[in-house]
Every structure is written in structure tokens, then in C-alpha cells.
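The opening residue of the sequence shown carries number 91 in this note's numbering; numbering runs sequentially from there.
Glycine included, every Cβ here is placed at the ideal spot set by N, Cα and C.
Notes follow the structure.
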Amino acid sequence: MKLIFFLIFVFVVLYGEIAAADVNRTRLSKWRRYRSSTTEGPEESLTTDLGSASTLTGFGFDNPKSDRERKIEELLSPRTKCGLLKLNTTVPWIVVIEHHDPLRRDKRKTLSKGVLIGDQHVLTTVSSIHNSHPFWITNSVRLGDPATWITEKSQRGDSNYTRVGIEQVYQHSTKDIAIIKLANKVTFTDYIQPVCLPIDDNYNFREMHYHMCKRVEDTDNNRKFDVRLLSSIPLAPQDCEILFHRKGAEFGASEFCAWDEFGDTCMSDVGGPLMAFFNGKYIVIGLNSYIFTSEEFESGDYPGVYVKVGSFLTWINTILSL
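Rendered as C-alpha cells:
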């Protein structure tokens with residue numbers, strides 16, 4: 091008799107487990123059919139195990155988006171107007187930083203640059219602010235004007251060119267990055283547009299470009315300019331360390347290096363942006379900077395040094411909110 095009761099007990103337990111497994115398989119099968127009927131792509135990429143299915147939200151089917159995914163979606167949204175290159179003759183977010191002689195206010199030099207990141211803010215480097223003769227000051231910028239040495243109005247084009255005063259300069263206390271707040275908000279045109287800010291400190295993009303402007307003389311000795319976005323290749327951190335360690339330099343987590351070309355003859359390389367091209371938009375990843383070395387060396391034989399913009403997003407957003 092005891093043996094009969096034991097066999098009945100075992101049968102009941104096994105039947106219950108089989109029934110529960112059938113329910114779980116039915117739930118998973120319904121979820122798969124729902125996903126395959128509403129989402130494009132191979133079916134195998136839409137399946138999940140019961141453990142991960144417990145994290146689904148909404149109607150029990152949609153995976154929650156990570157904070158990074160939401161930021162990427164917002165960046166690439168048509169509502170986010172940044173990083174759009176509409177003309178092939180100019181890069182609309184390039185800003186020329188003007189240095190003035192305090193004794194002769196009409197005397198200016200253009201020795202550095204930055205990028206427009208909003209209608210009233212320019213992202214640049216501390217070295218760009220101070221890249222001038224002793225006692226010269228930075229008190230204006232030029233927008234929509236890549237050829238900084240053109241002075242004739244007929245050549246410059248008044249409709250494309252805007253000079254704006256500076257309200258305040260915010261310099262990072264320890265790193266080579268700064269923000270200029272303009273005295274007035276600017277109106278966006280095809281020649282004046284902001285570049286996109288990154289969502290994090292990643293700089294390993296497939297397509298990277300840097301800005302280069304060269305003076306060119308035609309056959310009639312008329313000076314013109316040639317503006318291009320040239321391809322660049324970032325180096326792995328350990329490769330930067332190896333190259334510059336020979337010269338007694340050390341890289342920090344907020345710097346990186348990339349192969350580029352030295353010699354912008356329109357406005358200098360200082361503060362120039364290194365940009366990623368991602369899904370039709372340009373994102374400023376780095377700003378041309380410097381590194382202290384114990385030995386002198388020819389910069390053309392080494393990659394360019396950049397401050398990593400994504401490492402300062404909290405600081406940047408704090409300044410923009412002031």
C-alpha cells in the first residue's frame with residue numbers, strides 16, 4: 091500500500107512540472123510571435139530566455155532602453171539641429187577667435203579657433219584663449235568666416251559673416267578646455283550652425299575628420315582659401331603612451347592622440363576640432379591641444395594631441411545652464 095501511495099505522489103509532482111513548463115513555453119512562444127510581427131530583422135535576434143523576459147516592460151514585450159540608447163536616439167533625432175553640413179565651401183560651426191591689442195583696439199590677430207555648440211556658446215581650449223602676444227586680450231569671435239585673412243567685403247560676403255563680442259570666458263581649472271559665452275545670441279544660417287556634443291567619452295569612431303583651411307593663390311595672384319574636412323585616425327591609448335613617453339610626456343585619461351596634418355594657414359591649428367561623422371551628423375570628439383614634454387621634437391612627425399570633449403560633459407552642461 092505504501093508503494094502505491096509513493097507512486098501516486100511521484101506522478102502528481104512530475105505532472106505539475108510538465109504543465110508549468112508548457113505554460114512557460116506558451117508564454118515565450120506568444121512573445122516571439124508578437125516580436126516577429128512588429129519588428130524587422132532575423133527571428134533569432136528577437137528571442138530571449140525566461141530570465142531576461144522578466145525584465146520586459148510596457149505590455150510585457152519591450153526591452154527598456156538604456157540611458158546611452160536614449161541619448162543616441164535624441165542626438166540622431168531630426169529635432170536635434172546640430173552637426174549638419176549644408177554647404178561644401180564652409181564648416182558652419184568653426185569659430186574664429188580674435189585677439190585684440192589693448193593699445194590699438196582696431197588691431198586684431200586670428201591665432202586660434204573653436205566650435206559653436208549653441209546659439210550663445212563656443213567650445214574651445216584655454217590655450218586658444220591665451221594664444222596671443224603678451225597682454226593681448228580675447229574679446230570677440232567671428233562666425234561664418236573660415237577665410238580669416240580676407241578683408242575685402244566683396245570677397246568676404248557680408249551676409250555670411252558675423253562678429254560677436256564676448257560676455258564671459260569660462261576656463262577649466264586644471265585641463266585645456268574652455269567655454270566662451272557670447273554677448274548676444276546668434277541666428278543660425280547655412281553658414282552658422284552648431285556642432286553636436288558627444289554623449290560620452292568614446293572616441294573610437296569609424297569616420298573621423300579634422301578641419302583644415304589653407305591659403306591658395308590662383309594664376310592672377312588672387313588669394314583664396316581651401317577649406318576641407320580631412321580624414322583622421324585615432325590611436326589606441328597605449329600607442330600614444332609609447333610614442334610620447336620617449337619625449338618624457340605622460341597622457342592622462344582626458345587626452346588622446348590622432349594622426350592629422352599640421353599647418354592651418356588661415357587661423358592656426360590651436361583649438362581645432364576633431365569630429366566624428368555618425369549617421370549624417372558631425373560630433374566634436376576632441377579639441378587640438380598640447381602636451382608637456384622634456385624634449386623638443388618636430389610636431390609633424392607625431393600625431394596631434396587632443397583634449398577629450400566627452401570627459402568634460404558634466405562641466406560643459408553646468409556652464410551652459412548658467
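Residue interval of the beta strand (DSSP E) (run including residue i)
i      : result
THR383 : Here THR383 belongs to no beta strand (DSSP E), and DSSP marks it neither H nor E.
VAL395 : 394-398
LEU213 : 211-214
LEU364 : 363-368
GLN258 : 252-261
ILE227 : 227-233
LEU287 : No beta strand (DSSP E) holds LEU287; DSSP gives it neither H nor E.
LEU325 : That residue, LEU325, is in no beta strand (DSSP E); it is neither H nor E in DSSP.
LYS271 : 268-272
Option in the options with minimal Cα separation from residue i
i      : options                        : result
CYS347 : PRO324, GLY338, GLN258, GLN328 : PRO324
THR215 : VAL181, THR264, TYR293, ARG160 : THR264
LYS199 : ILE184, SER230, CYS303         : SER230
ASN292 : THR180, ILE373, PRO192         : ILE373
ILE187 : ILE282, GLY361, ASP329         : GLY361
SER384 : VAL399, GLU164, PHE334, VAL395 : PHE334
GLY394 : THR404, PHE382, GLY255         : PHE382
HIS262 : LEU412, LEU410, SER411, TRP405 : TRP405
ALA326 : ASP196, LEU174, ARG336, PHE341 : PHE341
ALA273 : GLN283, CYS286, ARG253         : ARG253
THR180 : ILE282, GLY255, ILE207         : ILE282
GLY338 : GLU386, ASP196, LYS197         : GLU386
GLU331 : GLY255, THR408, TYR392         : TYR392
PHE295 : LEU206, LYS371, LYS171, ARG160 : LYS371
LYS161 : GLN328, LEU287, ARG232, LEU412 : LEU287
GLY204 : THR170, GLY234, ARG194         : GLY234
VAL185 : LEU206, ILE256, TYR251         : LEU206
PHE278 : TYR251, TYR380, ASN378, ASN407 : TYR251
PRO182 : HIS189, HIS190, GLY173         : GLY173
VAL285 : LEU412, ASN407, SER411, THR170 : THR170
TYR396 : ASN378, SER411, LEU175         : ASN378
LEU412 : ARG194, GLU257, ASP196, PRO168 : GLU257
Delimiting residues of the alpha helix (DSSP H) encompassing residue i
i      : result
TRP349 : Segment 345-349 is the beta strand (DSSP E) holding TRP349; no alpha helix (DSSP H) there.
ILE406 : 403-410
Same chain, Cβ closer than 8 Å to residue i, five either side skipped, listed in chain order
i      : result
PRO192 : PHE225, TRP226, ILE227
ASN369 : LEU166
MET298 : SER321, SER322, ILE323, PRO324, ALA348, LEU364, MET365, ALA366, PHE367, ILE375
ARG158 : ILE289, ASP290
ILE351 : The sequence as given places Glu at residue 351; Ile does not occur at that position. The residues are TYR300, MET302, LEU320.
PHE402 : HIS262, LYS265, ILE267, SER344
VAL259 : ILE219, THR228, ALA268, ILE269, ILE270, LYS271
GLU163 : LYS155
VAL415 : Not covered by the structure: residue 415. The range shown for the chain is 91 to 412.
TYR380 : SER217, ASP266, VAL395
Cut-off 6 Å between Cβ atoms - residues of its own chain near residue i, not counting five sequence neighbours on either side
i      : result
SER202 : ILE187, SER218, ASN221, SER358, VAL360, GLY361
LEU177 : ASP280
ARG318 : MET302
ILE409 : TYR260, ILE269
ARG232 : VAL186, ARG253
GLU130 : Residue placement at GLU130 is flagged as unreliable, the pLDDT there being 37, under the threshold of 50; a coordinate-derived value is accordingly withheld.
GLY400 : PRO288, ASP290, ASP291
HIS190 : ARG198, ILE227, ASN229
ASN407 : none
7 Å CB neighbourhood of residue i in its chain, flanking five on each side removed
i      : result
LYS398 : ASP291, TYR293, SER344, GLU345, PHE346, GLY376
(message) Runs of 3 residues minimum, wholly inside the region 151-207: which ones carry the beta strand (DSSP E) assignment?
(response) 184-191, 194-206
(request) Check whether the region 255-271 touches the region 198-212, counting contact only when three or more Cβ pairs, one atom from each stretch, lie closer than 8 Å. (result) Short answer: they touch.
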